[in-house]
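Read in order, the letters of the sequence shown correspond to residues -3 to 218 in our numbering.
Cβ atoms here follow ideal geometry from the backbone N, Cα and C, with glycine treated the same way.
Presented below is the structure to which this report refers.
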Amino acid sequence: MDRDQLHTKRITSLLTICAAFLMGFIDAYTFMELDHVFVSAQTGNMVTFGVKLFTGHPYEALANMIAFVGFMCGAFIGEVLLARLRLPGLRRYRLFLYVQAFLLVALALFQSKIELSVMVFVLGLLSGYALTTFRKIGTTPVNNGIMTGNARNMMNSLYLILFEKDEQAKKDMLHLSIGIVTFVAGVGASAAVSVWNPMAILWIAFGVVCFSIIALFFYKWT
């Protein structure tokens, strides 16, 4: 592995772990405070959408659909940036994080005035964007906001470890476990903060992104 590949692996690992925490943190917030909407876990979001729709609450179900549309838009924007953005070294990753930071600080500043539909759309967009741009721990693809695929891939790795004696599968299982544990830690932290002060959630989420940005400024790409 050459030096640039090593730096890229380290950076994407850090940013994916931070994104997994952030996605769990935001998903718990939207579920608890924004009418049972999930912005990154779209399987759960579609379940709550269907339940609301077919139990006589179609207006409430609209928020879930808006979050879903926002998620798809964010994922598309992320794919465009990954494919088209040509910046050297750390500048590319910083730009990805600047977009997240801008969206979160805007939501945090005006959260008391923003309509539910706008809030869940932007948070859905943010989640789809983060899931697309930061999705590897080590050499292992990890979904930072959707744990269903991670759990399935863990069991695939377990099979390879037990029956094929695959050494890479051990690393994959560890990396997937880190993603899941970090996501759950984000959920737990968000639930605790919501009990204390729900208005602080978005500010803390902004702080997590700022931590990632600062970490990149201290990282030596040499």
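C-beta atoms of ALA16 and ASN140 nearer than 7 Å: Yes.
Helix, strand or coil at THR51 [DSSP, three-state]: THR51: coil per DSSP, three-state reduction.
DSSP three-state assignment for LYS132, whether helix, strand or coil: Strand at LYS132.
Length of the line joining the Cα atoms of GLY145 and ALA104: The straight-line gap separating the alpha-carbon atoms of GLY145 and ALA104 is approximately 31 Å.
GLY70 versus LEU122 - alpha carbon distance: Straight-line Cα distance between these residues: approximately 6 Å.
Rounded Cβ spacing between LEU58 and VAL205 (contact assumed at less than 8 Å): Their Cβ separation, rounded to whole angstroms, is 28 Å, which puts LEU58 and VAL205 out of contact at 8 Å.
Candidates LEU77, ALA188, PHE98, VAL180: closest to ALA147 by CA position: In terms of Cα proximity to ALA147, the closest of LEU77, ALA188, PHE98, VAL180 is VAL180.
Burial state of TYR89 (16 or more Cβ within 10 Å): Residue environment for TYR89: buried (at least 16 other C-beta atoms within 10 angstroms of its C-beta).
Which residues DSSP lists as bridging PRO137, in chain order: DSSP output for PRO137 lists LYS132 as bridge partner(s).
First through last residue of the alpha helix (DSSP H) which encompasses SER153: Unbroken alpha helix (DSSP H) run through SER153: 143 to 159.
N-terminal and C-terminal residue of the alpha helix (DSSP H) that CYS88 is part of: Note on residue identity: the sequence assigns Arg, not Cys, to residue 88. Looking at the DSSP string, the run of the alpha helix (DSSP H) that includes ARG88 is 87 to 106.
Whole-angstrom distance between ARG87 and LEU18, CA atom to CA atom: Spanning the two alpha carbons is a distance of roughly 21 Å.
Reduced DSSP secondary structure (H/G/I, E/B, other) of ASN41: The answer is helix: DSSP assigns ASN41 an H, G or I state.
Endpoints, alpha helix (DSSP H) assigned at LYS166: From DSSP, the alpha helix (DSSP H) with LYS166 extends over 163 to 192.
Proximity winner among PHE117, VAL114, THR135, GLU75, relative to LEU127 (alpha-carbon distances): Nearest of PHE117, VAL114, THR135, GLU75 to LEU127, Cα basis: GLU75.
Same chain, Cβ closer than 6 Å to MET28, five either side skipped, listed in chain order: Excluding its 5 nearest sequence neighbours in each direction, MET28 has C-beta neighbours in its own chain below 6 Å: SER190, listed in chain order.
Own chain, CB closer than 8 Å to VAL101, minus 5 neighbours either side, in chain order: Its chain contains PHE202 as the residues whose beta carbon lies nearer than 8 Å to that of VAL101, once the 5 sequence neighbours on both sides are disregarded; these appear in chain order.
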